[in-house]
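Below is one structure, written out as structure tokens, with a few remarks after it.
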Amino acid sequence: MTNPTTPKTDRFYPISEPSITELEVAYVLDAVKSGWVSSLGKYLDVFEQKFAAYCGTEFALTTSNGTTALHLALVALGVQPGDEVIVPDLTFIATANAVAYIGAKPVLVDIEPDTLCLDPAKLEAAITERTKAVIPVHLYGHPANMPEIMRIAKARGLHVVEDAAEAHGATIAGARVGSLGDCGVFSFYGNKIITTGEGGMITTSDQAFYLRAKQLRDHAMSKDKRYWHDEIGYNYRMTNLQAALGVAQFERIDALIERRREIFAAYQEGLRGLPVRLNATAPWAQNVYWLICAEFPEFTADQRDDLMRRLKERGVDSRPYFYPISDMPMYRQDPALTPEAHAASARGLCLPTYSNLTDQDVATICSILRSVL
Ligand SMILES: *Cc1c(COP(=O)(O)O)cnc(C)c1O
């Protein structure tokens, strides 16, 4: 039974939806009609050039998705079976899986409770003789503490791969994520800041690394002798059709990010006075709010799940924070080793966040949340 005083919505608010305009339609149509439908074409070149310039890197390399971009980056950096790679315990599973694909070991390290990103002090404590690289994740649009992470990584000779899959355009002191580590990795999945349907990108200013990643992405074909291969490579390419969608999205990225910031402000306004904490942004960071994060400090995971169920009954989708990687059967470790990741994971949920939401939509979602609390 629904409470008769509960505000009604005749529509269903998904957690995310892409923003597709006539511009996207025109570019994709142009790409199809051109015949350049596979992994060569002008949209790929333009997308890579513009994305590199935007991030402030020398190079950008398109890939088939963000997971293959992560894997490719690690292989191109020379991560070997048996090496250790440090990843935050609270992230999407792909961050850890990319390490496991190599036969290397993801070492799960705790997060900072405010930013939800890798805790630099705990990173330092987790480094061993075998540690080869670290993958800070800019979770939910908030940059990880890169100045500290880079200081530690440089002192210990570690590679740094930024997982920026959720944080296109986020900055620290004006410098964009993707330009802060040895390389950055982005995803253009349908629910990300900008989309190509499926797709990914590696950004870097290291030419040797860029050329190595590019060759491995294209079956590791010899540069001097076509159809000759000295090692096992991959087909991790993006298509020109996907890039056409990406170029159109990229032309709108500033407006799309600005709208996310406005949506965050509208949620803050709509939830004022409730016992809920929204995305915290460190003073040194500029957040792009990939998802609105709501934490109920007093909640157990069961209460959180119950709230999500009641929101859904009233037409508002939501999703729990990621589960700690260390809870998954493949990567199981003692939860006491990562208490902050476990605490945040239990109390947090994400609310609908996409640029097509109007301020009125956010107000409706907030009043529904207020009524079911
Ligand atoms: C989405 C995502 C990925 C993987 O990207 P896909 O394009 O879906 O393969 C990797 N890491 C994080 C943190 C993500 O959110």
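Just so it is clear: in the sequence shown, position 178 is 178 by my numbering, and no numbers are missing.
We put the CB at the ideal spot given by N, CA and C, even for glycine.
Quantities reported herein were computed from a predicted structural model and do not represent experimental measurements.
Going by the DSSP bridge assignment, what does residue i pair with across the sheet?
{"i": "Thr171", "result": "Arg176 and Gln286"}
{"i": "Gly197", "result": "Tyr189"}
{"i": "Tyr13", "result": "Val316"}
{"i": "Glu84", "result": "Lys105 and Thr131"}
{"i": "Asn235", "result": "Asp218"}
{"i": "His229", "result": "Met221"}
Output the boundary residues of the beta strand (DSSP E) element that contains residue i.
{"i": "Phe186", "result": "Cys183 to Ser187"}
{"i": "Glu295", "result": "Ile292 to Glu295"}
{"i": "Pro106", "result": "Lys105 to Val109"}
{"i": "Asp59", "result": "Note on identity: in this sequence residue 59 is Phe, with Asp being the wrong assignment. Counting along the chain, the beta strand (DSSP E) containing Phe59 begins and ends at Phe59 to Thr63."}
{"i": "His159", "result": "His159 to Asp163"}
{"i": "Gly348", "result": "Gly348 to Leu351"}
In terms of residues, what are the limits of the alpha helix (DSSP H) holding residue i?
{"i": "Ile368", "result": "Asp359 to Val372"}
{"i": "Asp45", "result": "Lys42 to Cys55"}
{"i": "Leu139", "result": "Per DSSP, Leu139 belongs to no alpha helix (DSSP H) and is neither H nor E."}
{"i": "Arg151", "result": "Met146 to Arg156"}
{"i": "Gly35", "result": "Neither: Gly35 is in no alpha helix (DSSP H) and is coded neither H nor E."}
{"i": "Thr67", "result": "Gly66 to Ala76"}
Cβ of residue i versus every heavy atom of ligand 1: is any distance shorter than 7 Å?
{"i": "Thr115", "result": "no"}
{"i": "Leu70", "result": "yes"}
{"i": "Asp302", "result": "no"}
{"i": "Asn374", "result": "Here the chain comprises residues numbered 1 to 373, so residue 374 is not present and cannot be evaluated."}
{"i": "Ser348", "result": "In the sequence as presented, Ser is not what sits at residue 348; that position holds Gly. Not so, every heavy atom of ligand 1 lies at least 7 Å from the Cβ."}
{"i": "Leu57", "result": "A small fix is needed here, since residue 57 is Thr in this sequence, not Leu. Flag unset: Cβ of Thr57 not near ligand 1."}
{"i": "Glu22", "result": "no"}
{"i": "Tyr323", "result": "no"}
{"i": "Gly66", "result": "yes"}
{"i": "Val163", "result": "The question names Val, but residue 163 in the sequence shown is Asp. Result yes, Cβ under 7 Å from ligand 1."}
{"i": "Ser326", "result": "no"}
{"i": "Thr196", "result": "no"}
{"i": "Ala243", "result": "no"}
{"i": "Glu124", "result": "no"}
{"i": "Lys192", "result": "yes"}
{"i": "Gly200", "result": "yes"}
{"i": "Ser187", "result": "yes"}
{"i": "Thr239", "result": "no"}
{"i": "Val46", "result": "no"}
{"i": "Phe92", "result": "yes"}
{"i": "Val137", "result": "yes"}
{"i": "Glu17", "result": "no"}
{"i": "Thr62", "result": "no"}
Which of the three DSSP states, helix, strand or coil, is assigned to residue i?
{"i": "Lys122", "result": "helix"}
{"i": "Lys223", "result": "coil"}
{"i": "Pro4", "result": "Any reading at Pro4 must be qualified, since the residue scores a pLDDT of 45, below 50, and its modelled position is unreliable; the value itself is stated next. DSSP places Pro4 in coil when its eight states are reduced to three."}
{"i": "Glu298", "result": "coil"}
{"i": "Val99", "result": "helix"}
{"i": "Arg252", "result": "coil"}
{"i": "Arg332", "result": "coil"}
{"i": "Ile263", "result": "helix"}
{"i": "Leu278", "result": "strand"}
{"i": "Ile20", "result": "coil"}
{"i": "Thr203", "result": "strand"}
{"i": "Tyr354", "result": "coil"}
{"i": "Phe209", "result": "helix"}
{"i": "Val79", "result": "coil"}
{"i": "Phe310", "result": "In the sequence as presented, Phe is not what sits at residue 310; that position holds Arg. Three-state result, Arg310: helix."}
{"i": "Tyr321", "result": "coil"}
Does the beta-carbon of residue i have 16 or more other beta-carbons within 10 angstroms, so that it is buried, or is it exposed?
{"i": "Thr300", "result": "exposed"}
{"i": "Phe12", "result": "exposed"}
{"i": "Thr364", "result": "buried"}
{"i": "Pro106", "result": "buried"}
{"i": "His342", "result": "buried"}
{"i": "Trp36", "result": "buried"}
{"i": "Thr21", "result": "exposed"}
{"i": "Pro297", "result": "exposed"}
{"i": "Arg272", "result": "exposed"}
{"i": "Thr2", "result": "Per-residue confidence for Thr2 stands at a pLDDT of 44, beneath the threshold of 50, marking its modelled position as unreliable; the derived number appears in the next sentence. Exposed, by the Cβ-count rule."}
{"i": "Pro4", "result": "Its pLDDT being 45, under 50, Pro4 is placed unreliably by the model, and the measurement read from it follows with that caveat. The residue in question, Pro4, is exposed, as its Cβ has fewer than 16 Cβ neighbours within 10 Å."}
{"i": "Val32", "result": "exposed"}
If we cut at 8 Å on Cβ distances, does residue i have a partner in chain D?
{"i": "Thr67", "result": "Reference to chain D is not applicable here, since this structure consists of a single protein chain."}
Run the proximity test for residue i: is its beta-carbon closer than 7 Å to any non-hydrogen atom belonging to ligand 2?
{"i": "Phe250", "result": "No copy of ligand 2 occurs in the structure displayed; its ligands are ligand 1 alone."}
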